[in-house]
Amino acid sequence: MLAAHNLAKGLFLLQNFDVTAFNTPTNPRNVMLFVIGVAALIIILVIVNAIKKRYNPPSLGGPRVAGSGHRHFSGFALHRQISNMGLDRDQVKMLDFVFKNDNVVDPRRSLLSPSLLDRHFFKAYRLIERTAGTDDEAQEKLSLLFSTRNILESFSSADSITSTRQIPENAAAVLGTEREKYPVKVLSSKGDHLVVECPHNVLGTAIQFPRGSKVTLSFFTKSSKGFAFESRILGTSESANMSVLQLVHSNQIKKLAQRRFRRRQTVIAAAFYFVRLEESERRKESPKMVVDKRRLSGNIMDISIGGCSIKTNVSIPSGTRLKIEASAAGANIAVLGQVLRTNRTGMSTIMHIKFLRVPRRSLNIINALVYEYAEE
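Residue 11 is where the sequence shown starts when you use this note's numbering, and the numbers rise one by one after that.
Below, the structure is given as structure tokens:
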């Protein structure tokens, strides 16, 4: 009984034991350090998240392409490569999207290769067409896509041509003599001599050039890189029911100033109308453009977003303004242009035209045609 009484007394003492003696006093300095550490961690997470958002590609709507979510290159590495190319912020985002969409691993290699760039941009072009919610949205994004591609075009690696044997067949060229220049086409460069079209006079007769005559030939590659060389005429011959000139091959190729925009050789039926300016009765108003009703016709022989050349039987003076209409890539094109110069070829006249005004839709169609993302 005494033992039970002592046990109960011990339990009572434990229940009323003052445990505050075991508490460690709170240190204000430790609390402050803890709060600062948590705040620093939050700031770091916010910065990392902002960086990730900055380098995400622009949303193009619709389902994402399989594999496009994986990052195969550093956004910082891409920005180092394009820092001196003049791309604005939206164009940088578009380029980032283009590369990710095609799972690019080495952006530098792609930037130096026009063929790789065309492949990447073609896939992005198709994706935009397929997933854009509205036509206006598609046109806006295609405009950004092509503006980015055109800037990169001037920075892509130049074609290396050191011999006339490397000139591709059907390349457009200009044959120059002491007095005249004639647009021609290179027919063959693989044989013992270079074969080009023989230019014709206004009567449609092949022009006769003395054997041994000195000439120059200027030509542009597919990516609009220009070259020129001097040669001599070996003679003329008939090939496929047409007269051709045989020129001496050369290894002395000079590089010409690069064209501003890529140009494509083509044959597209076109209609054009004279445009005149009418002064307004009010002095403060700009002159009004009036389109003539008379419809003239010709063929677009080459085109870029900066202009085109049209072959026609109509003689039109330089400086004339024209409204030009054509159908290409399954759509209609309408632009305002001005004739810079003309030259005769046989019975026809070739007008070299600078575009003055191109609506956004027409600009996108021309770009798709030039880069061969769309059929003629």
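Glycine included, C-beta positions come from ideal geometry on N, C-alpha and C.
Q.
Here's a check: name, in chain order, each residue in its chain whose Cβ is nearer than 8 Å to the Cβ of Gln-149, leaving out the five neighbours to either side.
A. Arg-370, Arg-371, Asn-374
Q.
For a test of the three-state rule: what should DSSP assign to Ser-260, helix, strand or coil?
A. coil
Q: Give the secondary structure of Gln-348 by DSSP, where H, G and I count as helix, E and B as strand, and everything else as coil.
A: strand
Q. Mapping DSSP to helix, strand and coil, what is Arg-64?
A. Model confidence at Arg-64 stands at a pLDDT of 49, short of 50, so the residue's coordinates are unreliable and nothing is read from them.
Q: Please state whether DSSP places Ser-372 in a helix, a strand or coil.
A: helix
Q) If you count every other CB in all the chains shown that lies within 10 Å of the CB of Phe-44, and 16 or more means buried, which is it? A) exposed
Q) Below 8 Å, can you find three or more Cβ-Cβ pairs linking the region 298-314 to the region 247-256? A) no
(Q) Please list the terminal residues of the continuous beta strand (DSSP E) segment that includes Phe-109. (A) Run containing Phe-109: none in the beta strand (DSSP E); it sits in the alpha helix (DSSP H), 99-111.
Q) Can you tell me the Cα-Cα spacing of Glu-382 and Met-104, whole angstroms? A) 20 Å
(Q) Whether or not the region 294-307 and the region 349-361 are in contact is what I'm after, with contact meaning three or more pairs of Cβ atoms, one per stretch, closer than 8 Å; do they touch? (A) no
(Q) Tell me the residue span of the alpha helix (DSSP H) that contains Asp-146. (A) 145-163
Q: Under 8 Å by Cβ, that's how I've got Gln-348 and Lys-333 pegged, so tell me the actual separation to the nearest angstrom.
A: Between Lys-333 and Gln-348 the Cβ distance is about 11 Å, and since that is not below 8 Å, they are no contact.
Q: Confirm, please, whether the CB-CB distance from Ala-378 to Ala-336 is below 8 Å.
A: no
**Q.** For Ala-183 and Phe-229, believed in contact at Cβ under 8 Å, the rounded distance
**A.** 4 Å
Q: Please determine if the region 254-268 and the region 197-210 are in contact, where contact requires at least 3 C-beta pairs separated by less than 8 Å.
A: yes
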